[in-house]
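Protein chains in written order, with UniProt numbering: chain A, 1 to 337; chain B, 1 to 337.
The beta carbon of each residue, even a glycine, is placed where N, CA and C say it ideally should be.
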DNA sequence: TTGAAAGCGCTAACAC
DNA sequence: GTGTTAGCGCTTTCAA
């Protein structure tokens with residue numbers, strides 16, 4: 001019996017304490033091989049008593065599988081990454097898989113360092129995520145020796161990619177407003193240079209028809225204020241609903257309307273996009289908004305990367321996941337039917 | 001020469017290609033042992049050409065050191081964790097250390113699963129972090145086989161702990177307001193049940209003196225509104241400055257003052273706490289506020305956990321890191337001298 | 001100056 | 001039913 005008190009208990013210690021060989025101990029603990037039930041349970045008891053936990057490194061070295069994946073993101077703010085991460089983690093934790101989080105800003109050198117570090121640590125796969133779906137991360141992830149899943153960031157040709165269904169979310173918002181009896185629905189959104197802006201605006205136009213009016217601007221509260229000024233200072237009929245490209249714009253819109261004495265939701269309904277709770281819930285009245293279900297997106301990304309790591313075939317291409325309307329008080333209308 | 005095309009290149013391959021033994025190859029690459037410079041550089045060239053990267057698992061198994069640490073947090077929102085994480089990552093990345101992020105909500109079972117998984121993976125240390133400094137995480141981290149550093153969460157007796165210096169931050173805010181010539185400074189803050197609320201309020205009282213007036217409430221914009229209503233609807237002299245317990249309260253205060261026609265910063269100065277940019281920058285005018293320097297706190301936590309892992313002695317106890325005043329426009333006054 | 005061999009903790013063939 | 005042994009990729013004595 002070797003003298004190593006301060007260190008972890010190894011399978012060797014379990015075997016010795018149970019009076020069997022380490023092979024038998026291993027088989028007993030992994031429910032493989034054959035032996036009497038008595039031996040198996042004795043070994044298990046001893047292991048439990050000693051607090052034995054197998055060394056994942058040794059296992060990984062043997063199996064070429066580390067039960068570890070890497071999550072790469074350039075979303076320092078975490079607004080998109082955190083819910084995504086929560087989903088990934090949730091999908092993987094009961095498989096015993098842990099997640100390396102690497103925030104790479106937009107620095108290619110830093111990105112490379114992190115990717116190399118993950119590869120050195122033999123991650124089973126990588127999930128690449130970002131803050132917009134029409135930009136690639138500043139690092140080339142093709143032809144890596146491990147599978148890659150792209151979540152909420154642009155994927156290369158033939159990449160396995162997951163995004164939320166912007167168009168469907170947009171349609172959902174418009175339909176909700178229509179269902180409330182709104183007739184003059186305007187869309188106030190971010191910069192045209194964002195693919196999701198065009199996607200949402202396109203779906204909005206298709207749903208609203210000839211009357212469609214889109215105001216492009218920035219992703220800020222201030223732009224929401226300004227857009228309201230433009231709309232209300234113009235001659236002619238005013239909108240009775242505003243569908244906003246994100247929650248910050250929506251908050252600006254709501255504040256501006258209130259300051260003008262426009263009654264919400266009586267006279268005008270406002271829908272946001274993102275369901276960023278810090279913004280949506282602090283708005284007066286709280287925002288009805290579209291949730292991109294990023295946590296579910298993360299779960300799916302976790303499942304996919306694991307499937308890939310296990311050698312299962314996964315069709316490349318872009319998978320669009322549904323958005324959900326979250327009803328608060330900025331539109332009127334009760335909970336959804 | 002074995003046939004393994006699809007797999008990573010091992011030191012064996014490098015040795016073979018360079019015509020040396022793996023022992024020599026290893027020494028060459030690690031700048032240990034002795035050999036001719038020619039041999040060493042030849043091996044290095046071959047390794048570079050082959051794109052050799054050592055298997056971190058094998059190394060870890062050998063050295064009992066995984067170059068991996070775990071970051072545990074119950075701050076799902078990420079408001080505190082993300083900057084912290086960024087700092088940790090920054091401090092560790094050039095040491096080749098990667099970070100497992102584990103979001104545990106407030107679920108003891110989940111926490112245990114994650115901690116066990118990290119331990120199985122032989123992390124070199126753990127950083128425990130949270131969303132308030134007067135609550136412990138729902139898991140016992142004492143007597144683990146690896147070092148633990150507590151950052152922005154309550155540590156057990158004798159833990160190594162890092163928090164921001166709330167009292168100093170509070171003093172800084174008050175001094176700034178005094179320096180601007182403000183005479184009637186009120187403090188509007190969160191619930192008394194938070195240690196940091198008492199800490200900040202105490203320092204505020206000490207700095208302001210007999211006139212000190214503290215309004216306790218919740219951490220919300222709404223409470224900011226309500227506090228202004230109380231203060232301005234009361235008889236007597238009005239405050240000329242409000243120091244708020246966080247940025248959300250400050251935003252509520254600023255909005256309420258504007259709605260009352262009080263001119264900011266001409267008549268009243270407002271200081272927030274947290275420097276949560278999404279809130280501070282969207283406020284009109286943008287908030288002057290106290291930054292807790294969580295990123296630096298993260299860096300320090302990373303350094304400490306590494307020192308501990310390396311066996312260096314680190315004195316237990318609470319380390320308070322300084323806060324910084326960030327000047328925007330809600331107080332008047334130029335950039336700091 | 002270089003190389004053979006042992007071993008980190010574990011699992012899986014293969015003997016017995 | 002149980003044990004012996006080889007080996008995952010690497011570093012490190014120790015011998016040549």
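Assuming residue i and residue j make a contact with CB atoms under 8 Å, what is their CB distance in whole Å?
i              : j              : result
residue 182(B) : residue 203(B) : Between residue 203(B) and residue 182(B) the Cβ distance is about 17 Å, and since that is not below 8 Å, they are no contact.
residue 133(A) : residue 154(A) : 6 Å
residue 116(A) : residue 251(B) : In fact, because the Cβ distance is near 42 Å, the residues do not count as touching under 8 Å.
residue 72(B)  : residue 102(B) : 5 Å
residue 265(B) : residue 213(B) : Residue 265(B) to residue 213(B), Cβ: 20 Å. No contact.
residue 273(B) : residue 293(B) : Rounded, the Cβ-Cβ distance is 13 Å, inconsistent with contact.
residue 14(B)  : residue 23(B)  : The pair is not a contact, with the Cβ atoms about 12 Å apart (cut-off 8 Å).
residue 124(A) : residue 69(A)  : 6 Å
residue 152(A) : residue 169(A) : Incorrect: roughly 14 Å between the Cβ atoms, too far for contact.
Counting only beta-carbon separations shorter than 7 Å, does residue i have a partner in chain B?
i              : result
residue 53(A)  : yes
residue 57(A)  : yes
residue 103(A) : yes
residue 31(A)  : no
residue 170(A) : no
residue 315(A) : no
residue 198(A) : no
residue 183(A) : no
In whole angstroms, give me the CA-to-CA distance for residue i and residue j.
i              : j              : result
residue 316(B) : residue 295(B) : 21 Å
residue 56(B)  : residue 324(B) : 39 Å
residue 207(B) : residue 275(B) : 22 Å
residue 291(A) : residue 176(A) : 14 Å
residue 2(B)   : residue 299(B) : Residue confidence for residue 2(B) is low, a pLDDT of 34 falling below 50, so the modelled location carries little weight; the figure read from the coordinates is stated next. For residue 2(B) and residue 299(B), the distance between alpha carbons rounds to 45 Å.
residue 271(A) : residue 166(A) : 14 Å
residue 187(B) : residue 100(B) : 39 Å
residue 222(B) : residue 285(B) : 18 Å
residue 163(A) : residue 35(A)  : 50 Å
residue 150(B) : residue 89(B)  : 16 Å
residue 205(B) : residue 77(B)  : 31 Å
residue 200(A) : residue 253(B) : 35 Å
residue 5(B)   : residue 51(B)  : Confidence is the limiting factor: at residue 5(B) the pLDDT is only 43, short of 50, which leaves the residue's position unreliable and the question unanswerable from this model.
residue 32(A)  : residue 93(A)  : 24 Å
residue 231(B) : residue 178(B) : 20 Å
residue 21(B)  : residue 61(B)  : 21 Å
residue 337(A) : residue 84(A)  : Its pLDDT being 46, under 50, residue 337(A) is placed unreliably by the model, and nothing is read from it.
Would you mind telling me which residues of chain A sit closer than 7 Å to residue i, beta carbon to beta carbon, in chain order?
i              : result
residue 78(B)  : 78, 82
residue 278(B) : 278
residue 113(B) : 93
residue 344(B) : Outside the displayed span of chain B (1 to 337) sits residue 344(B), for which this structure offers no information.
residue 26(B)  : In chain order: nothing, as chain A lies at least about 16 Å away.
Between residue i and chain A, is any beta-carbon pair separated by less than 7 Å?
i              : result
residue 273(B) : no
residue 221(B) : yes
residue 263(B) : no
residue 60(B)  : yes
residue 282(B) : yes
residue 89(B)  : yes
Starting from residue i, find everything on chain B with Cβ-Cβ shorter than 8 Å and list it in chain order.
i              : result
residue 289(A) : Those within 8 Å of residue 289(A) in chain B number zero; the least Cβ separation is about 16 Å.
Under 9 Å between beta-carbons, which chain A residues line up against residue i? List them in chain order, please.
i              : result
residue 311(B) : By Cβ distance, chain A contributes nothing, its closest Cβ being about 12 Å from residue 311(B), past 9 Å.
residue 116(B) : 53
So what does residue i bridge to, in DSSP terms?
i              : result
residue 70(B)  : 100(B), 126(B)
residue 215(A) : 188(A)
residue 273(B) : 290(B)
residue 317(B) : 160(B)
residue 243(B) : 187(B), 271(B)
Please list the partners that residue i has in chain B, where partner means a Cβ-to-Cβ separation under 7 Å.
i              : result
residue 119(A) : 53
residue 96(A)  : 117
residue 292(A) : Chain B residues near residue 292(A): none, gap ~16 Å exceeds 7 Å.
residue 99(A)  : 100, 101
residue 145(A) : 8
residue 189(A) : Those within 7 Å of residue 189(A) in chain B number zero; the least Cβ separation is about 18 Å.
For the ligand NAP, is there a heavy atom less than 6 Å away from the beta-carbon of residue i?
i              : result
residue 298(B) : In terms of ligand content, the structure shown is empty, and the ligand NAP therefore cannot be addressed.
Along chain A, in chain order, which residues have C-beta atoms closer than 8 Å to that of residue i?
i              : result
residue 86(B)  : 76, 103
residue 330(B) : Here the premise fails: no neighbours, minimum Cβ distance about 16 Å.
residue 10(B)  : Correct list: empty, because the minimum Cβ distance to chain A is about 12 Å.
residue 122(B) : 55, 56, 57
residue 129(B) : Ordered by position in chain A, no residue passes the 8 Å Cβ test against residue 129(B), which lies about 13 Å from the chain.
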